[in-house]
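Numbering (the working numbering), first residue to last: 182 to 661.
A short write-up of the structure that comes next.
Below, the structure is given as structure tokens:
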């Protein structure tokens, strides 16, 4: 006999409590219960097999309301019973309890898990349910503006469609049924979605050490507002960027590719189980970022399946379709593929999924090099500052005059001040003052005498393919 599994269970003798196991099989993928075998599948036999052949089908019918196949087998002079249970398209209860077989164990479905199960059996998703006593007047314009702007930019809806009034737009998006708004419409566009889904918000925290929180934020509002606000907040406040420069242009490199992190946040919003009262949790540590979400993998999926080619199976299809219209996500199940590709291109660790029943987490680990660098940069004394050079220029603020001078010097390093003035049309006094400023910034170094020397632009400001180091170190080198 095969080992016990998702679809196989062994019992040495019959007990009416085993009707719960039959209930669990019927609510899951079906299965077979053997009576007269020990846990290892060895036949121990039954003394009352023939009586059980009559009793078990009747009890299953009367208590569970279903029909099962009950077969009598005999081997080596010992009898045992085989009970074959089919998967049922609707929920089966045992005296008001809904049991469910998962792995080689049985559990009682309660709360949000029970709601999800019953909806699935009816072919209904949580976000498709309609809500009475909600009027279009209860919606504000903010989220509709966000949607129209994004959908137009990605050309996911025509200008004619986007010109519809808000009520017509919701109808176009199939977010209204029989004159009532679906829960998806309320979560996506209503400013107080938590009235209908208490856990529909995002909590973000910074943890300098495990178990020790330094500061936190909560992001409320419609799901469209949350998606845009949460992403901006994380990159502006919670992650330190290594700031480098190429030919006077500032570049910010984060420990996680921005597009990969955005995809993870959007996926958490779309696939979240909104019948749960727990918010999405985003925890930022010095060496990783953790996104925790109440949700479930599709039936028969594992975390390994997520990294293989697969179809899109959104937990909330109406929410997912609207997000697709904004261009935030794709519909072809490529979200994780895009995250992986982004991490490969940036040469950072791949995301890691950890899944439990009702809980799906994704973890982005930072590279050791980034962790070492971040430890050399002073921690922010107050939220909202961006890690960068402690001194030196912000090249976004360089004047047009200074850029003209640097351009001329990059083409001819021994150019004279008179030639600079002639080529740029600037007064010599302007040239002198701005060269002094650029020297103080650490951008320019004079090599040799004033008569026979030349100007050198610090390597970090040249347009090269060399690997940039962090700005703080380069500034120190230039000034030294």
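Glycine included, C-beta positions come from ideal geometry on N, C-alpha and C.
Annotation: residue 271 to residue 308 spans about 20 Å, alpha carbon to alpha carbon. DSSP links residue 250 through a beta bridge to 265. By the Cβ-count criterion, residue 634 is exposed, with fewer than 16 other Cβ atoms from all chains shown falling within 10 Å of its own Cβ. Note on residue 583: 16 or more other CB atoms within 10 angstroms of its CB, so buried under the neighbour-count rule. Ranked by Cα distance from residue 542, the options 229, 266, 196, 478 are led by 478.
In this structure, the CA atom of residue 401 is about 22 Å from the CA atom of residue 498. In terms of Cα proximity to residue 599, the closest of 612, 262, 196 is 612. Counting along the chain, no alpha helix (DSSP H) covers residue 337, and no H or E run does either. If one requires a minimum length of 3 residues, the beta strand (DSSP E) runs lying completely within the segment 357 to 410 are 361 to 363, 383 to 388, 396 to 400, in chain order.
Here DSSP, grouped into helix, strand and coil, assigns residue 505 to helix. Collapsing the DSSP output to three states places residue 554 in a helix. Residue 265 is classed as exposed because its beta carbon has fewer than 16 other beta carbons within 10 Å across all chains shown. If the five residues before and after residue 380 are omitted, its C-beta is found closer than 6 Å to the C-beta atoms of 457, 458, 459, 460, all from its own chain and listed in chain order. Closest in alpha carbon position to residue 537, among 500, 484, 557, 463, is 484.
Taking 9 Å as the cut-off, the beta carbon of residue 405 is found closer than this to the beta carbon of residue 370. In the DSSP assignment, residue 542 falls outside any alpha helix (DSSP H) and lies within the beta strand (DSSP E) extending over 540 to 546. Taken in chain order, the complete beta strand (DSSP E) segments of 3 or more residues contained in the segment 439 to 505 are 461 to 466, 469 to 474. Considering only 251, 192, 183, the residue with the shortest C-alpha distance to residue 225 is 192.
Shown here for residue 190: same chain residues with a beta carbon closer than 6 Å to its own, the five before and five after excluded, namely 202, 214 in chain order. Per DSSP, the unbroken beta strand (DSSP E) holding residue 537 starts and ends at 533 to 537. Looking at the DSSP output, residue 255 bridges to 260. Bounds of the beta strand (DSSP E) holding residue 636 are 635 to 638.
Contact between the segment 382 to 389 and the segment 522 to 537 is absent: fewer than three C-beta pairs spanning the two stretches fall below 8 Å. Taking the CA atoms as reference points, residue 435 sits about 33 Å from residue 617. Taking all protein chains in view, the Cβ of residue 341 is surrounded by fewer than 16 other Cβ atoms within 10 Å, so the residue is classified as exposed. Under the three-state reduction of DSSP output, residue 605 falls in the helix class. When 217, 245, 279 are compared, the shortest CA-CA separation from residue 256 is found for 217.
Sequence-distant partners of residue 620 (beyond 5 residues in either direction) whose C-beta falls short of 8 Å from its own C-beta, in its chain, are 626, 627. Taking the CA atoms as reference points, residue 313 sits about 29 Å from residue 384. Residue 214 sits in a strand when the DSSP states are folded into three classes.
By the Cβ-count criterion, residue 305 is exposed, with fewer than 16 other Cβ atoms from all chains shown falling within 10 Å of its own Cβ. Contact annotation: residue 520 and residue 411 have beta-carbon atoms that are not nearer than 9 Å. With fewer than 16 other CB atoms across the displayed protein chains lying within 10 angstroms of its CB, residue 631 is exposed. For the pair residue 330 and residue 321, the Cα-to-Cα distance works out to about 16 Å.
Rounded to whole angstroms, the Cβ separation of residue 333 and residue 343 is 6 Å, and the two are in contact under 8 Å.
Judged by their CB atoms, residue 282 and residue 360 are not nearer to each other than the 9 Å cut-off.
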